Amino acid sequence: MHCSDSMTEEETLAVEEFRKLTIKDCTPMMLEDDSLFYRFMKARDFNLKNALEMFQNHLMYRKEYQIDTILTDYKLPEVMEKYGTVTLLGYDKVDDSVKYLDIGRCDARGFIHSAKKIDLIKYNFQLHERDIIAHRERSKKVRDYEIRVNHEIHTILSIISLNDIGDGEDYIYC
Numbered sequence: 001m002h003c004s005d006s007m008t009e010e011e012t013l014a015v016e017e018f019r020k021l022t023i024k025d026c027t028p029m030m031l032e033d034d035s036l037f038y039r040f041m042k043a044r045d046f047n048l049k050n051a052l053e054m055f056q057n058h059l060m061y062r063k064e065y066q067i068d069t070i071l072t073d074y075k076l077p078e079v080m081e082k083y084g085t086v087t088l089l090g091y092d093k094v095d096d097s098v099k100y101l102d103i104g105r106c107d108a109r110g111f112i113h114s115a116k117k118i119d120l121i122k123y124n125f126q127l128h129e130r131d132i133i134a135h136r137e138r139s140k141k142v143r144d145y146e147i148r149v150n151h152e153i154h155t156i157l158s159i160i161s162l163n164d165i166g167d168g169e170d171y172i173y174c
């Protein structure tokens, strides 16, 4: 696990204990993420009980929204495939994704009102899962020593164009 470089011995033991308690509940897709166990422990300040609760909630939503098969089993409504405004521009200097959302030149209100709420949720989950898979594939191919090979996504930079919307700034950086 690449996160172990910055962990104390106590944190390493806590992550290992968490892994032992939860690995049987993980799907194969989840296990592709080298930092999975570390991230849950870190998010809860290495408190095992709180991390376990968070992890169980995470498993419930993954099952409810069928995250592990969302890219293969779920077909987006045509309007989302045709008029979705998200474009992957590339990667920044630490190899995190940079995306461009051209909201200003699309009918955002029409886009939102033309689909069911569940489709909007799944649209966003699909975008996220595509980013994760693309990043993993890229990490496998990259052999540049300036970029960590197994680097997990920490940030997705989104440049949102509000051009032609009206008053205000033309771009928002998230």
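All letters in the sequence shown, in the order written, are residues 1 to 174 by full-length UniProt numbering. Quick reminder that beta carbons are idealized off the backbone N, C-alpha and C, glycines included. These numbers were taken from a predicted model, which means no experiment stands behind them.
Other residues of its chain near residue i: CB distance less than 8 Å, five sequence neighbours each side excluded
i	result
Tyr91	Ser97, Val98 and Arg138
Lys117	none
Extent of the continuous beta strand (DSSP E) to which residue i belongs
i	result
Gly90	Val86 to Tyr91
DSSP beta-bridge partners of residue i
i	result
Lys99	Leu88 and Ser158
Residue i, enclosing alpha helix (DSSP H) - first and last residue
i	result
Thr27	Per DSSP, Thr27 belongs to no alpha helix (DSSP H) and is neither H nor E.
Gln56	Leu48 to Glu64
Arg19	Glu9 to Thr22
Ala43	Leu36 to Ala43
Arg109	Ala108 to His113
Inter-residue spacing [alpha-carbon to alpha-carbon] between residue i and residue j
i	j	result
Arg62	Asp68	7 Å
Ile159	Leu101	6 Å
Arg44	Leu36	13 Å
Leu42	Ser6	Before going further, note that residue 42 is Lys rather than Leu in the sequence given. Each residue's alpha carbon lies about 12 Å from the other.
His113	Thr85	15 Å
Pro28	Arg19	14 Å
Glu32	Leu13	21 Å
Leu127	Thr87	10 Å
Gln56	Phe40	11 Å
Cys106	Glu17	48 Å
Lys93	Glu53	35 Å
Leu162	Asp73	33 Å
Gln66	Glu129	11 Å
Thr22	Leu71	25 Å
Asp131	Leu157	12 Å
Ile133	Tyr38	19 Å
Pick from the options that is closest to residue i, judged by C-alpha positions
i	options	result
Val15	Lys24, Ile133, Leu48 and Arg130	Leu48
His135	Leu89, Asp107 and Gly104	Leu89
Phe125	Leu76, Asn57, Asp34 and Glu32	Leu76
Gly104	Tyr83, Leu71 and Ile121	Tyr83
Same chain, Cβ closer than 7 Å to residue i, five either side skipped, listed in chain order
i	result
residue 231	The structure shown does not extend to residue 231, since the chain spans only 1 to 174, so no value can be given for it.
Asp25	Leu59
Ile147	In this prediction, Ile147 scores a pLDDT of 47, lower than 50, which makes its location untrustworthy; no coordinate-derived value is stated.
Residues of its chain near residue i, where Cβ-Cβ distance is below 6 Å and the 5 sequence neighbours each way are ignored
i	result
Thr155	Asp96
Glu11	Phe46
Phe111	Tyr83
C-beta neighbour in chain C for residue i, strict 8 Å
i	result
Arg39	The structure shown has no chain C; it contains just one protein chain.
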